[in-house]
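First residue of the sequence shown: 84, per my numbering; consecutive thereafter. Glycine residues also receive a C-beta, built at the ideal position from the N, C-alpha and C atoms. Since we're looking at a predicted model, the values are computed, not measured. Each remark here refers to the structure printed beneath this line.
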Amino acid sequence: VVVVVVVVFYHKFVKLIYISKKKVIKTLSTGKMRKKWMATAVRLLLFALLFAQHCPTATSWATDEANGSAAASLSAAEHESVVDNFFAAYFEQPCCVRPRHVRHHKNHVRELSCGRMYYRTFHLDENRDTLYVGAMDHVYRLNLSNISHSSCKDSINLEPSNIMSCTSKGKSENFDCRNHIRVIQSIGDGSRIYICGTNAHNPKDYVIYSNLTHLPRHEYVPGVGLGTAKCPYDPLDNSTAIWSEKGNPGQLPALYSGTNAEFTKADTVIFRTDLYNLTTGRKEFAFKRTLKYDSNWLDKPDFVGSYDIGQYVFFFFRETAVEYINCGKSIFSRVARVCKKDTGGKSILSHNWATYLKARLNCSIPGEYPFYFNEIQSIYKVPDDDTLFYGVFTTSTTGLMGSAICTFRLEDIDHAFAGRFKEQASSTSAWLPVLSTKVPEPRPGQCVNDTETLPDSVLNFIRSHPLMDEAVAHKDNEPVFYMRDLFFTRLVVDVLDYVVFGNHLHYTVYYAATNEGRVYKVVQWYNDEGVPGSALLDIFDIMPGLPITAMEISRKHKALYVASDESVRQIYLSMCTHRYDSCLRCVHDPYCGWDKQTKTCKPYQPGLLQDVTNSSRSVCESSVVNKRLTVTFGQSVHLSCFVKMPQVLKVYPVTWYHHSKEKGRYMVSFSRVEKYIATVEGGMVIVGASEEDGGRYDCQLAGALLCTFNLTVDAHRCSPPARSADYHRVYSDWCHEFQKYKSAMKSWEKKQAVSIA
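Structure below.
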């Protein structure tokens, strides 16, 4: 109260002088007005000082733990940046004692930036502890264990070759007409890498050593130089590529790609390069591609990923849905596949795929009228596991925004490709499944030893029927996670397997990046009955305000790597000690466990508390810190477990319980607005504390005990000063305090003036 009176009075006084300086000075220069202002100021100040001086100590609090943490006060600016995992109690104080709380350690983030270089392509080589980063005119080689130990000089410069031709077509010199690296793939044992860049809207590819040096002339790789159909013309276009060493015709290595093959973007293509004998340099097999300008095969696709699995290469993309065109324009997500041994037909489809098929991917919230997330943005497959694909999907950007994570099994994809085909009899008719009697033999889309021997009936059928009727269902028939007002751009996944006391624990952890620089950490599990469950664990603001353009994960180094156009950053997966200092959040993270002895969060090992599935709500009760508060009669007190509640916890209900001597245990009702006020951070304000408000207060989050306060109300009332000496002493002390506030106000105004300027 005192602080408010003094500061408000002084603020108003300074504001008057600041707004109308000459007028106020002139007014104050008169004797009457000057005396009136000074008398009012002295009365207000003296009243406040006397009131404050003779009230008993307002508040004292301490932890029941013997090793309670030391408190540190923060400035207003620091308050906004404090990590939100700590206990704090805020309450009104009649004296100018600032709130105290324990400051949380910040996460340690490794970073490398060589300027605004548009870092948009990652290639992970864990055997060499290297992360290759494709950027504008450069490929960088980063140290996986700590990217901060990398150097911008550890790179190769790949300048565009014909900038003038590019700018003459209306493209910008500083962005469009640069060489943006969009494909990086390891060749063979990884000693060489394949690279393809936009090269000023004239794609060009290269093969270099893994240490980013050029090959000597005698090691020239045939077929390398012209990058058309291997990577895009436009650096803003989505594309994908995968290098395949085995299973191709003649067992020759090949690049499979999905991209635009023309400057005008009219020709989108799924492509395989010419196959050369690397010893003789002779071309053994010609390239293969999708049918040109045929919307039944591809219709303005955006490619997000490709994988070499067994005898097939799979492509994931979104495109305009040709089967929906009679009902309006819509985008559907697709998975397509081609046989690696495909050499095309003999006379029909001689330069095209003879085994190309595609099917819709269904990522939706189930119901009588499912809610679809139609647009795939990213796809991920865990290395050495070819059975599952993980994707992030969004709604259309022109409607209600939302994102979801869905999982697809390879067997469900194969099942869709083994099902019925879809066709449109005429341009005005609906798309319907093809009768099985109309499907020729051998079944179109299956791998055969030589596709050139396929009969014309099979080739003609696949030419006009590449689309399957049945959509690929997502695993468990529901998304792993979904949220509105969110746009996921990238996804990586980690799988954790533990054996604890004979029990096998299996968790899947998803890291989904957004267009606002955040990464959402989601965990999924299955209970004993096989029913899936998931929870949002954390949100990392890694690239504040910047879209995340690339993301990778290293299981060897237990680290996550993310990129924006400005920089590349690295964070560690097991952020326990430096991320969580409350048991409740620690035990839900599969990487972490709570140590009851030291009351700290540590990387998980047997013996630590862990409850990822939230099956035991009382697991943390013995670790809850009990705070003791003493407040003055009539004072309002703010109880809160967090200064700022973590966003991931705001979806759960918060309940407060009061244990009093008179009423026992009861739930606090916030309908009594004259007594209790709920705060946006899950806290509670008790207005005008009296003796009956004393006792213990428990805060529960979704039924789990979060924090506890023991409140003591001091019934001692304020008494006026008895002697004139008391007045003089109080007046002297607060003159000094007032001068401090005056100096602080001037300092603040100077900072405000600088920020406005």
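Can you tell me where the alpha helix (DSSP H) with residue i in it begins and where it stops?
i, result
"D849", "No answer is possible for residue 849: the residues shown for the chain start at 84 and end at 840."
"N229", "Careful: N229 lies outside any alpha helix (DSSP H) and carries neither H nor E."
"R700", "Per DSSP, R700 belongs to no alpha helix (DSSP H) and is neither H nor E."
"R668", "666 to 669"
"S540", "539 to 547"
Do you know whose CA, among the options, lies nearest residue i's CA?
i, options, result
"F753", "R211, Y740, E745, D809", "Y740"
"A798", "R806, D776, I264", "D776"
"G306", "A283, V555, L335", "L335"
"R420", "L656, S413, D497", "D497"
"A556", "A499, W514, A787, V583", "A499"
"N610", "L643, E635, V517, V695", "V695"
"I431", "P538, F504, T363", "P538"
"W380", "P689, F368, I353, D809", "I353"
"E561", "K348, I448, M219", "I448"
"R638", "P466, R193, N257, Y277", "P466"
"T490", "I654, L471, Q653", "L471"
"I276", "C260, L298, P453", "L298"
"S540", "Y810, V531, W326, P523", "P523"
What do you get for residue i, buried or exposed, if any count of 16 or more other CB atoms within 10 angstroms of its CB means buried?
i, result
"K329", "exposed"
"N586", "exposed"
"T536", "exposed"
"M247", "exposed"
"V763", "exposed"
"P516", "exposed"
"Y303", "exposed"
"C235", "exposed"
"N257", "exposed"
"A840", "For A840, the predicted model reports a pLDDT of 46, less than 50, meaning its position is unreliable and no value from the coordinates is stated."
"C818", "exposed"
"T373", "buried"
On the three-state DSSP scale, how would you describe residue i?
i, result
"V707", "coil"
"K429", "coil"
"S826", "helix"
"T534", "helix"
"F370", "coil"
"T477", "strand"
"I631", "coil"
"F821", "helix"
"F456", "coil"
"C249", "helix"
"K833", "helix"
"P686", "strand"
"R275", "strand"
"E402", "strand"
"L691", "coil"
"F174", "Confidence at F174 is low in this model, with a pLDDT of 34, below 50, so the placement of that residue is unreliable and no value is reported for it."
"R503", "coil"
What residue range is occupied by the uninterrupted beta strand (DSSP E) comprising residue i?
i, result
"V290", "287 to 292"
"R420", "414 to 422"
"H498", "Not the beta strand (DSSP E): H498 falls in the alpha helix (DSSP H), residues 493 to 500."
"F584", "F584 -> no beta strand (DSSP E), and no H or E assigned at all."
"I654", "651 to 655"
"H640", "No beta strand (DSSP E) contains H640, which DSSP labels as neither H nor E."
"Q268", "264 to 270"
Determine, for residue i, whether the minimum Cβ-Cβ distance to residues of chain B falls below 8 Å.
i, result
"S461", "Absent here is chain B; the protein component of the structure consists of one chain."
With a Cβ-Cβ cutoff of 8 Å, do residue i and residue j count as a contact?
i, j, result
"G848", "C446", "For the chain, the structure presents residues 84 to 840; residue 848 sits outside this window and is missing."
"K313", "L295", "no"
"M551", "G502", "yes"
"K424", "P332", "yes"
"N457", "D385", "no"
"R573", "S461", "yes"
"G778", "S723", "no"
"C675", "Y687", "yes"
"T791", "V707", "yes"
"N343", "Y376", "no"
"P549", "K429", "no"
"R203", "A633", "yes"
"V583", "P689", "yes"
"A595", "V606", "no"
"L241", "I270", "no"
"D469", "L493", "yes"
"S228", "E194", "no"
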